[in-house]
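A.B. asks: Residue numbers for the sequence shown follow UniProt numbering, so the first one is 1 and each next one is one higher.
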Amino acid sequence: MEETSPEVVKAEMTECETKQGDRVPAQKNDSCNKTAPADFSDPVYKEISLANGAINRMNREELRAKCTELKLDTRGVKDVLKKRLKNYYKKQKLKQAAAVDSDDLYYDYICVVDFEATCEENNPRQFVHEIIEFPMVLVDMHTLEIVDSFQEYVKPQLNPQLSDFCVELTGITQKMVDEADPFPRVLRHAVAWLQKKELGTKYKYTLLTDGSWDMSKFLYTQCRLSRLRYPAFARNWINIRKSYGNYYKVARNQTKLNSMLENLGMKYEGRPHCGLDDSRNIARIAIRMLKDGCRLRVNERMHEGELQNVSNTVVLEGAPPPQYPKSRD
């Protein structure tokens, strides 16, 4: 569900960059301060810099023509095409120099989550949002494909009657939630689905959301309402809005779902504000970013009930094996 509140956390816009403004590989811990001095003395970086300069001088039609020539995707705005070409040449040069980052495929899977919650047309200040749709979409990081999905509706407890605005916005009817299980049971089903995929045991994975609210607001609030501790496997996640803004160097007002799709040359597929369809479209953006060379990594977390940024210098870690959280009672 898309953020509607002005209360958003300021994104960290830190990246390891060359003087030309393009990201280059650091040591395994991805620390900007611990990059080996010899890295940038290699002639390969001069070749990359020259290629970037040539790309910067191209207009959109020249960029598209070059993408066609290299059999790359030609969709997207000018800045997206530039990034795509720069990444292509960088990878080619680094392969030749045997200097490709070792943690590019750290995660085996990314699980996209986009909750839908109860809402009013003008939410009262103290309105409590309850989760009414729990969707997850699983992306295979090796094949860059959506491989499975989970979806269940949730019966709200505080405000069991959905507003007309909520029904129209989400497409979730009163009958759907009346016949649904309460949140604790749905969460148990979701955990069982993740466990069946052997995530956190056989395979490394992390969660990905469209913004901060899904975890820091909706899941956190819902767990408190349901007298459950916040689940450990959901404490860290990738906020794709931050990743997109940092990678393509765009303003925050260009990181909403439809803007990201449009800038990448894609159209929304499905029904907007259907949690499962939103999750699938977010997954499509993540896949496109990965193909363009973005290294998606955890950038937000919940710590002692507070939303925090995660620096890109932190050593990569996968989410722990999913477990049903203990009761708060």
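Glycine included, every Cβ here is placed at the ideal spot set by N, Cα and C.
(1) Identify the continuous beta strand (DSSP E) that holds R301 and give its terminal residues.
(2) Take the Cβ of N299 as the centre, count every other Cβ of all protein chains shown within 10 Å, and call the residue buried at 16 or more, exposed below.
(3) Classify L158: buried if its beta carbon has 16 or more other beta carbons within 10 angstroms, exposed otherwise.
(4) Output the distance between the C-alpha atoms of D210 and K82, rounded to the nearest integer angstrom.
(5) Suppose only complete runs of 4+ residues qualify. What are the alpha helix (DSSP H) ranges in the region 67 to 119, listed by chain order?
(6) If we call anything under 9 Å between Cβ atoms a contact, is L261 one with L228?
(7) By Cβ distance below 8 Å, which residues in the same chain neighbour V250 in space, the five residues on each side in sequence not counted?
(8) I need the DSSP call for I238, collapsed to helix, strand or coil.
(9) Please report the distance separating the alpha-carbon of Y107 from that of L207.
(10) I'd like the span of the beta strand (DSSP E) that includes T221, first residue to last.
(11) Check I287 in the structure and name its three-state DSSP category.
(12) Given a threshold of 16 other Cβ atoms within 10 Å of its Cβ, counted over all protein chains shown, does residue 334 qualify as buried or as exposed?
(13) Comparing C-alpha positions only, which one of P231, Y247 and V177 sits nearest to Y324?
(14) What is the DSSP secondary structure of Q151, reduced to helix, strand or coil?
(15) Taking only the alpha-carbon atoms, compute the straight-line gap between G76 and M266 and give it to the nearest angstrom.
(16) If you drop the 5 nearest sequence neighbours on each side, which residues of the same chain put their C-beta closer than 6 Å to that of A191?
(17) Name the two residues that bound the continuous alpha helix (DSSP H) containing P43.
(18) If I measure Cβ to Cβ from G293 and keep anything under 6 Å in the same chain, skipping five residues before and after, which residues do I get?
(19) Taking buried to mean at least 16 other C-beta atoms within 10 Å of its own C-beta, is P124 buried or exposed?
(20) Along the chain, where does the beta strand (DSSP E) containing V137 start, and where does it finish?
(21) Grouping DSSP H, G and I as helix and E and B as strand, with all else coil, what is T206?
(22) At a cut of 8 Å, does the region 130 to 144 reach the region 110 to 117 through at least three beta carbon pairs?
(23) Less than 7 Å between C-beta atoms, sequence neighbours within five positions excluded: which residues of the same chain meet that for E116?
(24) Helix, strand or coil for residue 330? Go by DSSP, reduced to three states.
(25) With N258 as the anchor, note down where its alpha helix (DSSP H) starts and where it stops.
(26) Roughly how many angstroms lie between the CA atoms of L307 and P43, to the nearest whole one?
(27) For the beta strand (DSSP E) containing E306, name the first residue and the last one.
(28) Where do the N-terminal and C-terminal ends of the alpha helix (DSSP H) with E168 fall, by residue?
(29) In chain order, what residues of the same chain lie with their CB nearer than 7 Å to the CB of K46, ignoring the 5 residues before and after it?
(30) If distances are taken between C-alpha atoms only, which option among Y268, R288, N258 and H129 comes closest to T221?
(31) Since W213 contacts F150 with CB under 8 Å, what's their CB separation in whole angstroms?
(32) Between the Cα of L72 and the Cα atoms of E62, R84 and E61, which residue gives the shortest distance?
(33) Using the beta-carbon count (16 or more within 10 Å), is F233 buried or exposed?
(34) Is L199 helix, strand or coil by DSSP?
C.D. replies: Reading from the atomic positions:
(1) Locating residue 301 in the sequence shown gives position 301, where the first residue counts as 1. Element bounds for R301: E300 to H303.
(2) As a first step, residue 299 is located in the sequence shown; it is residue number 299 there, counting from the start. Here N299 is buried. Its C-beta has 16 or more other C-beta atoms within 10 Å.
(3) Counting from 1 along the sequence shown, the entry for residue 158 is found at position 158. Label assigned to L158: exposed.
(4) Stepping through the sequence shown from its first residue, residue 210 is reached at position 210. Stepping through the sequence shown from its first residue, residue 82 is reached at position 82. Between D210 and K82, the C-alpha separation is close to 24 Å.
(5) Fully contained in the region 67 to 119 are the following alpha helix (DSSP H) runs of length 4 or more, in chain order: 78 to 96.
(6) Residue mapping note: residue 261 aligns to position 261 of the sequence shown, counting from 1. Residue mapping note: residue 228 aligns to position 228 of the sequence shown, counting from 1. Cβ distance not < 9 Å, so L261 and L228 don't count as in contact.
(7) Your numbering for residue 250 matches position 250 in the sequence shown. Closer than 8 Å at Cβ, skipping near neighbours: D79, Y244 and N263.
(8) Within the sequence shown, residue 238 is the residue found at index 238, counting from 1. In the three-state reduction of the DSSP assignment, I238 falls in the strand class.
(9) Sequence index remark: in the sequence shown, residue 107 carries index 107 (1-based). Sequence index remark: in the sequence shown, residue 207 carries index 207 (1-based). The alpha-carbon atoms of Y107 and L207 are separated by roughly 10 Å.
(10) Counted from its first residue, the sequence shown places residue 221 at position 221. Boundaries around T221 are those of the alpha helix (DSSP H), Y220 to L225, since no beta strand (DSSP E) includes it.
(11) Taking the sequence shown and counting its residues from 1, the one referred to as residue 287 is at position 287. Helix at I287.
(12) This structure cannot speak to residue 334, because the chain is shown only from 1 to 329.
(13) Taking the first residue of the sequence shown as position 1, residue 324 is located at position 324. Looking at P231, Y247 and V177, the one whose alpha-carbon comes closest to that of Y324 is P231.
(14) Locating residue 151 in the sequence shown gives position 151, counting from the first residue. In this structure, Q151 counts as strand in the three-state DSSP scheme.
(15) Locating residue 76 in the sequence shown gives position 76, counting from the first residue. Locating residue 266 in the sequence shown gives position 266, counting from the first residue. One Cα belongs to G76, the other to M266, and the distance between them is close to 8 Å.
(16) As a working note, residue 191 is residue 191 in the sequence shown. Checking the displayed sequence, the identity of residue 191 turns out to be Val instead of Ala. Excluding residues up to 5 positions away in sequence, P322 and Y324 lie with their Cβ nearer than 6 Å to the Cβ of V191 in the same chain.
(17) Along the sequence shown, one-based indexing puts residue 43 at 43. Run containing P43: P43 to N56, per the alpha helix (DSSP H) assignment.
(18) As a working mapping, residue 293 is identified with position 293 in the sequence shown. Once the five neighbours on either side are set aside, the close Cβ partners of G293 are N87.
(19) By one-based count along the sequence shown, residue 124 stands at place 124. Burial call: exposed.
(20) Position 137 of the sequence shown holds residue 137. Looking at the DSSP string, the run of the beta strand (DSSP E) that includes V137 is I131 to D140.
(21) Counting from 1 along the sequence shown, the entry for residue 206 is found at position 206. In the three-state reduction of the DSSP assignment, T206 falls in the strand class, which pools E and B.
(22) In this structure the region 130 to 144 lies against the region 110 to 117, because at least three pairs of beta carbons, one per stretch, are closer than 8 Å.
(23) The residue you call residue 116 lines up with position 116 of the sequence shown. For E116, where only same-chain residues beyond five positions count, the Cβ hits under 7 Å are M1, I132, E133, T170, I172, H273 and G275.
(24) Because residue 330 is not part of the residues shown, which for the chain are 1 to 329, the question remains open.
(25) Numbered from 1 along the sequence shown, position 258 holds the residue referred to as residue 258. Segment L257 to N263, the alpha helix (DSSP H) holding N258.
(26) Looking up residue 307 in the sequence shown gives position 307. Looking up residue 43 in the sequence shown gives position 43. Rounded to the nearest whole angstrom, the C-alpha separation of L307 and P43 is 42 Å.
(27) Taking the first residue of the sequence shown as 1, we reach residue 306 at position 306. For E306, the enclosing beta strand (DSSP E) has its first and last residue at E306 to N309.
(28) By 1-based counting over the sequence shown, the position of residue 168 is 168. Taken as a continuous stretch (DSSP letters only), the alpha helix (DSSP H) holding E168 covers D164 to T170.
(29) Along the sequence shown, one-based indexing puts residue 46 at 46. Around K46: no qualifying Cβ.
(30) Taking the first residue of the sequence shown as 1, we reach residue 221 at position 221. Comparing Cα positions, the closest option is H129.
(31) In the sequence shown, residue 213 corresponds to position 213, counting from 1. In the sequence shown, residue 150 corresponds to position 150, counting from 1. Not quite, the Cβ-Cβ distance comes to about 20 Å (not below 8 Å), so this is no contact.
(32) One-based indexing of the sequence shown puts residue 72 at position 72. Nearest option by C-alpha distance: R84.
(33) Counting from 1 along the sequence shown, the entry for residue 233 is found at position 233. Buried, since its Cβ has 16 or more Cβ neighbours within 10 Å.
(34) In the sequence shown, the residue the question calls residue 199 occupies position 199. In the displayed model, L199 falls within a strand according to three-state DSSP.
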